[in-house]
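A.B. asks:
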Amino acid sequence: MGAGLLAETAMASASAGITQGDIAILRWLTAAEIIEGDLWQQYNELGGIQDSEVPGGSGNEAYTGALEVLDEDMPQYIHDNTDDEFSHARFLNAFLVSIGEQPVNFDAFRTLPSSQATGARQIGRLTNLMHLNVDTSWYLRYRSARNPDFGFNFPQLIIIANRPAIPPMDLPSGSDAIQAIANTAAFHFAAIEQGGSSLYTTLALKVTNETVLRIVISIGGSEVNHFAIWHDKAGNAPAVSIPGPGGVHFPDLESFDGNEDKQKNLIMPEPCDFIDQHLPDCSVIRPSSVAKGGAVRAFHAFNDSRLFFGQSTAFVAMLSKLAQDADAAERGI
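Position 56 of the sequence shown, counting from 1, maps to 313 under this note's numbering, and the rest follow consecutively.
#1: How big is the Cα-Cα spacing for Q307 and G294?
#2: Below 8 Å on the Cβ atoms is my guess for N440 versus N419; work out the distance and round it to an integer in Å.
#3: Within a Cβ cutoff of 6 Å, which residues of the same chain sit near T393, ignoring the five residues on either side of it in sequence?
#4: According to DSSP, H506 sits in a beta bridge with which residue or residues?
#5: Could you spell out the range, first to last residue, of the beta strand (DSSP E) harbouring R420?
#6: I'd like to know whether the C-beta atoms of Y457 and I476 end up nearer to each other than 8 Å.
#7: Suppose the cutoff is 8 Å on Cβ atoms and the five residues either side in sequence are ignored; what does the same chain contact list for T570 look like?
#8: Sort D584, D582 and L576 by Cα distance to N257 and report the nearest one.
#9: Which value, in whole angstroms, describes the spacing of the CA atoms of L263 and F348?
#10: If you draw a straight line from the alpha carbon of S546 to that of A281, how long is it in whole angstroms?
#11: Is it true that the CB of A494 sits closer than 8 Å to the CB of L327?
#12: Could you tell me the distance, in whole angstroms, from the CA atom of S491 to the CA atom of P332?
#13: Is the Cβ-Cβ distance between A422 and I438 less than 8 Å?
#14: Can the beta-carbon of A555 be found closer than 8 Å to that of G452?
#15: Buried or exposed for H483, going by 16 or more other Cβ atoms inside 10 Å?
#16: Where does V391 sit, in a helix, a strand or coil, going by DSSP?
#17: Suppose the cutoff is 6 Å on Cβ atoms and the five residues either side in sequence are ignored; what does the same chain contact list for S454 look like?
#18: Could you compute how far the alpha carbon of C529 sits from the alpha carbon of E342?
#19: Around the C-beta of P405, are 16 or more other C-beta atoms found within 10 angstroms, so that it is buried, or is it exposed?
#20: Mapping the DSSP letters down to three states, classify L579 as helix, strand or coil.
#21: Out of G501, I380 and N317, state which residue places its alpha-carbon closest to the alpha-carbon of D364.
#22: What are the start and end residues of each continuous beta strand (DSSP E) run of 3 or more residues lying completely inside the region 349–410, in chain order?
#23: What do you get for A548, buried or exposed, if any count of 16 or more other CB atoms within 10 angstroms of its CB means buried?
#24: Would you check if the distance between the CB atom of T339 and the CB atom of Y396 is smaller than 8 Å?
#25: State the Cα-Cα distance for the pair V497 and P508, rounded to the nearest angstrom.
#26: Taking E467 as the reference, give the member of G589, G501 and S355 with the closest Cα.
#27: Rounded to whole angstroms, what is the Cα-Cα separation between L386 and R563?
#28: For S315, which residues in the same chain have their Cβ closer than 8 Å to its Cβ, ignoring the five residues on either side in sequence?
#29: Assuming H557 is part of the alpha helix (DSSP H), what are its boundary residues?
#30: Going by the CB atoms, is the gap between L283 and F224 shorter than 8 Å?
#31: Starting from the C-beta of C539, find all residues in its chain whose C-beta is less than 6 Å away, skip the five residues before and the five after it, and write them out in chain order.
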């Protein structure tokens, strides 16, 4: 038996028993990875490393310098996270094609403007990083013994509303303006990746086919690793304030030492309620319920963050439908 026939036989075996629900889950995850790839590409063009793995852009000295205040390796981490998201989207689309399904393609919706700062390519984007509402509740959630799956809602650590996470234009190196943008980006990095950690965990529980389950669990583990890195880096954000309407205040996180709800180096997930509140607390990804961590919840997190500010209603409606279909999947026995 030739190598090609062996490969076809192996793929046929792997795809046997894939349900429509499994396909819906794969299509939503592919959509989410394409969206992540688009936003991470913008971060890499300005603050990462531009090379053959992640080409495009030429870097922005002031923005990169502000990111390096948090950690000198930030450009490398941004590059690698970008490369990872590209690999996820490529793989998921290729797998869909291999089982006879249509790939997910949003190229027609790459219409949003780029940053005008030095280093950014002037091409159409899917996502808008210049008017973000950034969720910072994850910072408190992962230091708490409470779990949102049991109805507990966490406040925001920092109010970041309608703020840029990349420089819309060139800004002076070392200025408060560029540092506030870099700090916003750092908290956005973690917000995106903690959402992915819950999303993959939640949707894995709905998968029927073993190969699809392997895909979802394996990519999900990568998202968890990303979140761990960015959780650590966000804690290094220096104090800076932009006063007035539309401003932002980043506190001195060192001042929270001794406060276990906010201490910056408490980045390991605190044991929390899990499965049943009568059971002992357990350190876990949370949330992991469809209501709190599923595809529709992820869609609303994207949309509410203004990531699609300026996008067409057709694009938003398409994403909403993909998310609903994924959450409607039911695990077969």
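Glycine residues also receive a C-beta, built at the ideal position from the N, C-alpha and C atoms. Since the structure is predicted, the reported quantities are computational estimates derived from the model, not experimental observations.
C.D. replies: This is what the structure gives:
#1: Translated into the one-based positions of the sequence shown, residue 307 becomes position 50. Translated into the one-based positions of the sequence shown, residue 294 becomes position 37. Here the alpha carbons of G294 and Q307 stand approximately 14 Å from one another.
#2: Position 183 of the sequence shown, counted from the start, is the residue given in the question as residue 440. Position 162 of the sequence shown, counted from the start, is the residue given in the question as residue 419. Not quite, the Cβ-Cβ distance comes to about 15 Å (not below 8 Å), so this is no contact.
#3: Looking up residue 393 in the sequence shown gives position 136. Within the same chain, Cβ atoms closer than 6 Å to the Cβ of T393 are found at Q413, L414, I415 and F444, the five residues on either side in sequence being excluded.
#4: In the sequence shown, the residue the question calls residue 506 occupies position 249. According to DSSP, which records beta bridges pairwise, H506 is partnered with S498.
#5: One-based indexing of the sequence shown puts residue 420 at position 163. It spans I417 to R420 - the beta strand (DSSP E) in which R420 sits, taken as one unbroken run.
#6: Locating residue 457 in the sequence shown gives position 200, counting from the first residue. Locating residue 476 in the sequence shown gives position 219, counting from the first residue. Contact check for Y457 against I476 passes: the beta carbons are separated by less than 8 Å.
#7: Reading the sequence shown from its first residue, position 313 is the one you call residue 570. The same chain holds no residue with a CB closer than 8 Å to that of T570 once the five nearest residues on each side in sequence are set aside.
#8: Because the chain is modelled from 258 through 590, residue 257 falls outside the range shown and cannot be assessed.
#9: Taking the sequence shown and counting its residues from 1, the one referred to as residue 263 is at position 6. Taking the sequence shown and counting its residues from 1, the one referred to as residue 348 is at position 91. Per-residue confidence for L263 stands at a pLDDT of 48, beneath the threshold of 50, marking its modelled position as unreliable; the derived number appears in the next sentence. Answer to the nearest angstrom: the Cα atoms are 20 Å apart.
#10: Your numbering for residue 546 matches position 289 in the sequence shown. Your numbering for residue 281 matches position 24 in the sequence shown. Whole-angstrom Cα-Cα distance: 18 Å.
#11: Translated into the one-based positions of the sequence shown, residue 327 becomes position 70. Translated into the one-based positions of the sequence shown, residue 494 becomes position 237. Against a cut-off of 8 Å, the Cβ pair of A494 and L327 comes out as a contact.
#12: As a working mapping, residue 491 is identified with position 234 in the sequence shown. As a working mapping, residue 332 is identified with position 75 in the sequence shown. With the sequence shown as reference, residue 491 is identified as Ala, and Ser is not the correct amino acid for it. Cα to Cα, A491 sits roughly 14 Å from P332.
#13: Start at 1 with the first residue of the sequence shown, and residue 422 comes out as number 165. Start at 1 with the first residue of the sequence shown, and residue 438 comes out as number 181. Taking 8 Å as the Cβ cut-off, A422 and I438 qualify as a contacting pair.
#14: Along the sequence shown, read from residue 1 onward, the residue named residue 555 stands at position 298. Along the sequence shown, read from residue 1 onward, the residue named residue 452 stands at position 195. Their beta carbons are under 8 Å apart, which means A555 touches G452 by this criterion.
#15: By 1-based counting over the sequence shown, the position of residue 483 is 226. Flag for H483 reads buried.
#16: The count along the sequence shown starts at 1 and reaches residue 391 at position 134. Correct three-state label for V391: strand.
#17: The sequence position of residue 454 within the sequence shown is 197, counting from 1. For S454, where only same-chain residues beyond five positions count, the Cβ hits under 6 Å are E480, V481, F484 and I542.
#18: Locating residue 529 in the sequence shown gives position 272, where the first residue counts as 1. Locating residue 342 in the sequence shown gives position 85, where the first residue counts as 1. One alpha carbon belongs to C529, the other to E342, and they sit about 29 Å apart.
#19: Taking the first residue of the sequence shown as position 1, residue 405 is located at position 148. Buried, since its Cβ has 16 or more Cβ neighbours within 10 Å.
#20: As a first step, residue 579 is located in the sequence shown; it is residue number 322 there, counting from the start. Here L579 sits in helix by DSSP.
#21: One-based indexing of the sequence shown puts residue 364 at position 107. When each option's Cα is compared against that of D364, the closest is I380.
#22: Complete beta strand (DSSP E) runs here, min 3: 389–391.
#23: Here residue 548 refers to the residue found at position 291 of the sequence shown. It is exposed - the Cβ of A548 has fewer than 16 other Cβ atoms within 10 Å.
#24: As a position in the sequence shown, residue 339 is number 82, starting the count at 1. As a position in the sequence shown, residue 396 is number 139, starting the count at 1. Result no, Cβ atoms of T339 and Y396 do not sit closer than 8 Å.
#25: Residue numbering aside, residue 497 sits at position 240 when the sequence shown is read from its first letter. Residue numbering aside, residue 508 sits at position 251 when the sequence shown is read from its first letter. Near 7 Å, if we compare the C-alpha coordinates of P508 and V497.
#26: By 1-based counting over the sequence shown, the position of residue 467 is 210. E467 has its Cα closest to that of G589, out of G589, G501 and S355.
#27: For the purposes of this step, residue 386 is taken as the residue at position 129 of the sequence shown. For the purposes of this step, residue 563 is taken as the residue at position 306 of the sequence shown. Approximately 8 Å, taken between the alpha carbons.
#28: The sequence position of residue 315 within the sequence shown is 58, counting from 1. Apart from the 5 residues on each side of it in sequence, S315 sits with its Cβ closer than 8 Å to the Cβ of E302, Q307, T375 and G376 in its chain, given in chain order.
#29: Looking up residue 557 in the sequence shown gives position 300. Counting along the chain, the unbroken alpha helix (DSSP H) around H557 starts and ends at A552 to D561.
#30: Nothing can be reported for residue 224: it is not among the residues displayed for the chain, which extend from 258 to 590.
#31: Stepping through the sequence shown from its first residue, residue 539 is reached at position 282. Closer than 6 Å at Cβ, skipping near neighbours: P528 and F531.
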